[in-house]
Amino acid sequence: MSALGLSADLADRFAAIALGHVTREYPNHLAHGFEGPQDLGTPSQLHPIFYGSFDWHSCVHGYWLLAAILNRFPDGEHAANIRTLFDAQLTPEKVADECAYFARPLSRGYERPYGWGWLLKLSAELHQLEHGRRASILQPLTDVIRDRFMAFLPIATYPVRVGTHFNTAFALRLSADYAEIATDAALMDLLIETADRWYGADENCPAWGEPSSDEFLSSTLIEAECMRRLMPADRFQPWFDRFLPAIGAQQPATLFCPATVSDRSDGKIAHLDGLNLSRAWCFRSLASALPSNDPHCAVLKAAAEDHLATALPHVAGDYMGEHWLASFALLALITQ
Numbered sequence: 001m002s003a004l005g006l007s008a009d010l011a012d013r014f015a016a017i018a019l020g021h022v023t024r025e026y027p028n029h030l031a032h033g034f035e036g037p038q039d040l041g042t043p044s045q046l047h048p049i050f051y052g053s054f055d056w057h058s059c060v061h062g063y064w065l066l067a068a069i070l071n072r073f074p075d076g077e078h079a080a081n082i083r084t085l086f087d088a089q090l091t092p093e094k095v096a097d098e099c100a101y102f103a104r105p106l107s108r109g110y111e112r113p114y115g116w117g118w119l120l121k122l123s124a125e126l127h128q129l130e131h132g133r134r135a136s137i138l139q140p141l142t143d144v145i146r147d148r149f150m151a152f153l154p155i156a157t158y159p160v161r162v163g164t165h166f167n168t169a170f171a172l173r174l175s176a177d178y179a180e181i182a183t184d185a186a187l188m189d190l191l192i193e194t195a196d197r198w199y200g201a202d203e204n205c206p207a208w209g210e211p212s213s214d215e216f217l218s219s220t221l222i223e224a225e226c227m228r229r230l231m232p233a234d235r236f237q238p239w240f241d242r243f244l245p246a247i248g249a250q251q252p253a254t255l256f257c258p259a260t261v262s263d264r265s266d267g268k269i270a271h272l273d274g275l276n277l278s279r280a281w282c283f284r285s286l287a288s289a290l291p292s293n294d295p296h297c298a299v300l301k302a303a304a305e306d307h308l309a310t311a312l313p314h315v316a317g318d319y320m321g322e323h324w325l326a327s328f329a330l331l332a333l334i335t336q
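Be aware that the sequence shown starts at 1, since it is given in my numbering, and climbs by one per residue.
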């Protein structure tokens, strides 16, 4: 297997990891607002589908990982177990209960924007899975999240550039995959307009402060990947040249040095394994946007290999990383 290839064996390993946590209710980090004692509930009572994986958003992208693997390996070792899980969990009744949670007044900003982006990414993958039947079941919740984006982005004056769940470029990037496959022109137009409004004038990015001890995204690289996805190719190349003018010389140097993870039992420090994996995804994706004879391609591909090789051995081992890291590894491995 190439360092940047997804083998059947690795897909089976990732599927086993996700199947082991998407219905594991505890430990659980529940970000829940209470209006009164009537709002008490266990994770599975509040979120009948996405109650596992330590938190709601990690459970959503655990389901995405399983859908993505089933799409690529429909006869894989765990394919039957994935289908059984989806049949049990992705039901109209449970989707309605997930929608009801978002209808609560205190849920206006729940999981914004990270969980929103991942829910649309999951929906996009389900659209491609077995004639889209499960995407249709999830559609009411997809519509809730889609409409949240439509309402929120016009009033979001500024982007959020931190390398954690609040990063807005990451959410736009994931949402674009849904807008495209669902042929949702209104959403796609809003994503494009918002990305241009937030990031279109950026140049000479110094990657200052990367990485910090709590980041799983490079605010620099995910912005570039967002613009690659949402900008026409003829506009992206000049923008990228302005944004990272010395990328061919491996500058800013901090982007090319994989992060050191000192304690994988610490959930925040374990984010840095995710940083290495998400950088690998961005480096590889950005390389694909450049002309094949562009000397920058080799630099970006080598950086992707380096980061992936550093982090891939650590997608399992401690639950603080295990409940989510394989999703980020898969993003890098399936990027063409």
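For glycine and all other residues, C-beta sits at the position ideal for the given N, C-alpha and C.
- Quick one: residues in its chain with C-beta nearer than 7 Å to the C-beta of Val160, no 5 flanking neighbours on either side, listed in chain order? Counting only Cβ-Cβ distances below 7 Å, and skipping sequence neighbours, we find Phe166, Asn167, Thr168.
- Task: Reducing DSSP to helix, strand and coil, say where Glu223 ends up.
- Result: Of the three classes helix, strand and coil, the one that applies to Glu223 here is helix, per DSSP.
- How is Val60 classed by DSSP in three states: helix, strand or coil? Note: Val60 maps to helix in three-state DSSP.
- Task: Quick one: measure Cβ to Cβ for Pro211 and Leu272, integer angstroms, because I've assumed they're closer than 8 Å.
- Result: Yes, they are in contact, since the Cβ atoms of Pro211 and Leu272 sit about 6 Å apart, within 8 Å.
- Task: State the start and end residues of the unbroken alpha helix (DSSP H) segment that holds Cys297.
- Result: Start and end: 296 to 311.
- Kindly confirm or deny that the segment 192 to 210 and the segment 123 to 138 touch, where touching means at least three C-beta pairs closer than 8 Å. A contact between stretches requires three or more CB pairs, one per stretch, nearer than 8 Å, and the segment 192 to 210 fails this requirement with the segment 123 to 138.
- Assigned exposure category for Tyr292 - 16 Cβ within 10 Å defines buried: First, the residue type needs correcting, since residue 292 is Ser and not Tyr in the sequence shown. The residue in question, Ser292, is exposed, as its Cβ has fewer than 16 Cβ neighbours within 10 Å.
- Go to Val144, then tell me how far its alpha helix (DSSP H) extends in each direction, as first and last residue. In the DSSP annotation of this structure, the continuous segment of the alpha helix (DSSP H) that includes Val144 starts and ends at 133 to 152.
- Message: So, for Pro27: in the same chain, excluding its five sequence neighbours on each side, which residues have a beta-carbon less than 7 Å away from its beta-carbon?
- Response: Hits under 7 Å: Phe54.
- Per DSSP, what kind of secondary structure is Ser7 in: helix, strand or coil? DSSP places Ser7 outside both helix and strand once states are collapsed to three, so it counts as coil.
- Item | Thr157 beta carbon less than 8 Å from that of Glu215 | Using a Cβ distance threshold of 8 Å, Glu215 and Thr157 do not count as a contacting pair.
- Query: When DSSP labels each residue in this structure, what does His32 get in the three-state scheme?
  - Reply: Note: His32 maps to coil in three-state DSSP.
- Mind reading off the beta-carbon distance from Arg284 to Lys301? Whole number of angstroms is fine, and I expect it under 8 Å. Between Arg284 and Lys301, the beta carbon gap of about 7 Å places them in contact (Cβ cut-off 8 Å).
- Please name the residue, chosen from Tyr51, Leu19, Glu93, Tyr101, that lies closest to Gly33 on a Cα-to-Cα basis. For the residues Tyr51, Leu19, Glu93, Tyr101, the minimum Cα distance to Gly33 belongs to Tyr101.
- Report all residues from its chain with a CB closer than 8 Å to the CB of Asp184; omit the five preceding and five following residues, and keep chain order. Here the set comprises Arg146, Tyr178.
- Item | Pro43, enclosing alpha helix (DSSP H) - first and last residue | Pro43 -> alpha helix (DSSP H) spans 43 to 46.
- Starting from the Cα of Phe328, find the closest Cα among Ala253, Leu174, Glu93 and give me that residue. Sorting Ala253, Leu174, Glu93 by C-alpha distance to the C-alpha of Phe328 places Leu174 at the top.
- Message: By alpha-carbon positions, which one of Cys59, Ala31, Trp239 ends up nearest to Phe86?
- Response: Phe86 has its Cα closest to that of Cys59, out of Cys59, Ala31, Trp239.
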